[in-house]
Amino acid sequence: MLYSRYFIPTVKETPSDAEVVSHQLMLRAGMIRKLAAGIYNYLPLGLRSIRKFENIVREEMDRAGAIELLMPSVQPAELWQESGRWSFYGKELLRFKDRKEGEFCMGPTHEEVITDMIRREIKSYRQMPINFYQIQTKFRDEIRPRFGLMRGREFIMKDAYSFDVDSSAADESYDRMYQAYIRIFERCGLNFRAVEADSGTIGGSFSHEFMVLADSGEDGIASCDSCRYAANVEKAEARPLPSVPAGELLPLEKIATPDMKTIADVAAFLKLTADKTVKTLVYASGSGDFVMALLRGDHELNEIKLKNSLGWDEIEMATEEDILRITGSPIGFLGPLGLKEKVTVIADLVVEGMANVAMGANEKDMHFINANPGRDFSVERFADIRMVVAGDACPRCQEGKLEMWRGIEVGHVFKLGTKYSTALNATYLDADGKEQVIFMGCYGIGIGRTVAAAIEQNHDENGIIFPLPLAPFHCSVVALNAKDGGVMAAAGEIYAKLVQLGVETLFDDRDERPGVKFKDNDLIGIPLRIVVGSKGLAEGKVEVKIRKTGEVLLLPVEEGIARIK
Ligand code: ATP
Ligand code: MG
Ligand code: MG
Ligand code: MG
-5 MLYSRYFIPT VKETPSDAEV VSHQLMLRAG MIRKLAAGIY NYLPLGLRSI RKFENIVREE
55 MDRAGAIELL MPSVQPAELW QESGRWSFYG KELLRFKDRK EGEFCMGPTH EEVITDMIRR
115 EIKSYRQMPI NFYQIQTKFR DEIRPRFGLM RGREFIMKDA YSFDVDSSAA DESYDRMYQA
175 YIRIFERCGL NFRAVEADSG TIGGSFSHEF MVLADSGEDG IASCDSCRYA ANVEKAEARP
235 LPSVPAGELL PLEKIATPDM KTIADVAAFL KLTADKTVKT LVYASGSGDF VMALLRGDHE
295 LNEIKLKNSL GWDEIEMATE EDILRITGSP IGFLGPLGLK EKVTVIADLV VEGMANVAMG
355 ANEKDMHFIN ANPGRDFSVE RFADIRMVVA GDACPRCQEG KLEMWRGIEV GHVFKLGTKY
415 STALNATYLD ADGKEQVIFM GCYGIGIGRT VAAAIEQNHD ENGIIFPLPL APFHCSVVAL
475 NAKDGGVMAA AGEIYAKLVQ LGVETLFDDR DERPGVKFKD NDLIGIPLRI VVGSKGLAEG
535 KVEVKIRKTG EVLLLPVEEG IARIK
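All residue numbers for the sequence shown refer to my numbering, where the first residue is -5 and numbers rise by one.
Following this line, the structure appears as structure tokens:
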């Protein structure tokens, strides 16, 4: 590919609306451009990386015996009504009507569509096990689209669905996908963990998430430093807060760790949370510590008034908009047991809110203001609050200590059981001719999110450092001076040879200053670079630079090419 004829619109300045590094770098490297909130154009360079990852996913799905198909992104409401999710899914489901007033949605996931196909096509136990996958565009009207491709509204997902005759066969299908996922993320060179997870709105009996470790991750993970235990903090086994009889004021040390005695300590603790090295877990609400901190703080925050002016029940189902409307600020809290998806949103808010509280909190020992347990709120509600703390003994082996991480959820495997097959009546005839319900599993990978997560883990101050398997090009050939005919001819020859050898090469033939070329090449993160200049050529040599290590080798031309190959 000739750089001068290609399209890589790099940008020097860091875009102000991009919070995380991968988003900033994907914009700066000219990989993506925003069309609307959470909706992006994939520019040529970005698309190449996306395709690279898709191909890895395809190879491993095929290897695991899954079969590729493609389902429509527009789905009829009837199927969602049949599964019960039309009313359950909430606003993330983008709904619309066609000209005949028929109701439809943009598919956020495809359990209904695939189960509908299967109930028509699968009749006999002989047709199973079978597993179908697709790589396709999903739409979820996310409440807070952000971080570029990481949390888009329109995004590419690989989703797979397995169908088995019984529960133990379904376990085998699950395990095959689990192993395929490990291979996929290992092939990309990512530092990740497979963690026990909640099955959320998809439902089902158990699941694992694949988490790329990164400080910018939206999820918390607890893992044992000695056994294989690892779990999403929302799912982790947690210790309860000591119970408190109604009417008794909670001394601070009862909710937090023993050395936490003042609001400043809590502030430090919460700030730690915001820094994402420790994550407290509050079952169901995600906000208990925050509430506690507020209730204990000797300060006048909106949230305290909110609690006093509204009963818990009224704010129990509060959404982000509710909180904004009531408090005028995104700092809010919820009672326990909101809808799961809302809870997740609130948990995000709470982490941000915590940092703010930490800033504003005063130094006094704490007590409740106008918050009399049993009168203003019920202590029983807090019985659900639990916490996970780094350094605690591992709940599984009791020997190791818990470590805590931030992670980006790049993949998720679910054992669905018969949730959808029962709802949609997907059955088969067993060997005795008896009708049985099909057992299902489903398996998702965020394609764009994984590429973004790879950048999150692989970059420096100069730009992206692509792992070779995801790099849009393996190598670039930089001609130092495009006006020098000798240099251009030699560089062109090297380029042609590399292409012939099957190396995906970008030939930087632009008439630009070397500084500009080096900056761009660093930014877009091509793993290997050959620099061709007149000085080197005089000795028959070229410079080979490894993006990751910064290592520069001055090598004879042929040797340089051999190195790259
Ligand atoms: P999250 O918890 O981040 O909202 P999810 O649990 O809702 O994700 P799943 O339903 O498990 O997502 O979908 C499978 C995979 O699709 C996820 O593991 C993730 O990699 C990807 N994914 C989900 N939502 C998005 C999104 N808004 N943008 C990009 N990728 C996404
Ligand atoms: Mg989601
Ligand atoms: Mg999730
Ligand atoms: Mg998930």
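By construction, the Cβ of each residue, glycine as well, lies at the ideal position given by its N, Cα and C atoms.
No experiment lies behind these values; they were computed from the predicted model shown.
With respect to the C-alpha of Leu(-4), the residue from Val510, Leu547 and Met482 having the closest C-alpha is Met482. When Met20, Leu410 and Ala224 are compared, the shortest CA-CA separation from His453 is found for Met20. Listed in chain order, the non-local C-beta contacts of Val497 below 7 Å within the same chain comprise His468, Cys469, Ile558 and Lys559, local neighbours out to five positions each way being set aside. At least one heavy atom of ligand 1 lies closer than 7 Å to the C-beta of Glu403. Around the beta carbon of Glu95, fewer than 16 other beta carbons sit within 10 angstroms, so the residue counts as exposed. Judged by pairs of C-beta atoms under 8 Å, the region 405 to 425 does not touch the region 454 to 462, as fewer than three such pairs exist.
With contacts defined by Cβ atoms closer than 8 Å, Cys391 and Ser220 form a contacting pair.
Secondary structure note for Arg93: it is in no beta strand (DSSP E), with a DSSP letter that is neither H nor E. Excluding five sequence positions before and after Val206, the CB atoms of its chain that fall closer than 6 Å to its own CB belong to Leu184, Phe186, Ile402, Val404 and Ala447, given in chain order. His406 has its Cβ nearer than 7 Å to a heavy atom of ligand 4. Distances between the C-beta of Glu190 and the heavy atoms of ligand 4 are all 7 Å or more. The three-state secondary structure of Asn226, taken from DSSP, is strand.
Distances between the C-beta of Glu115 and the heavy atoms of ligand 4 are all 7 Å or more. The beta carbon of Ser161 is closer than 8 Å to those of Gly411 and Phe433 in its chain, skipping five residues each way along the sequence. For the pair Glu54 and Met122, the Cα-to-Cα distance works out to about 20 Å. Shown here, Asn452 sits in coil according to DSSP, grouped into three states, outside any helix or strand. Per DSSP, reduced to three states, the secondary structure at Glu53 is helical.
In the DSSP assignment, the residues bridged to Leu207 are Gly401. Non-local C-beta neighbours of Glu62 in its own chain, meaning closer than 8 Å and more than five positions away in sequence, comprise Arg52, Met55, Asp56, Phe126, Tyr127, Gln128 and Ile129, ordered along the chain. Between Pro66 and Glu86, the C-beta spacing is not below 8 Å.
Shown here, Arg390 sits in coil according to DSSP, grouped into three states, outside any helix or strand. Proximity of the region 132 to 141 to the region 6 to 22 meets the contact definition, three or more beta-carbon pairs being nearer than 8 Å. Within a 10 Å sphere around the beta-carbon of Ile555 sit 16 or more other beta-carbons, which makes this residue buried. When rounded, the separation of the alpha-carbon atoms in Ala31 and Gly530 is 48 Å. Close CB contacts of Pro389 within its chain, under the 6 Å cut and outside five residues either way in sequence, are with Glu231 (chain order). Of the candidates Asp502, Ala485, Asn226 and Leu88, the residue whose Cα lies closest to the Cα of Ser193 is Asn226.
In the DSSP assignment, the residues bridged to Met151 are Gln130 and Gly440. Distance between Glu552 and Asp169, taken at the CA atoms: about 47 Å. The C-alpha of Lys511 is placed about 42 Å away from the C-alpha of Tyr437. At a threshold of 7 Å, Leu143 counts as near ligand 1, since its beta carbon sits closer than that to one of the ligand's heavy atoms.
Per DSSP, Val107 lies in no beta strand (DSSP E) segment; the continuous alpha helix (DSSP H) that holds it begins and ends at Glu105 to Glu115.
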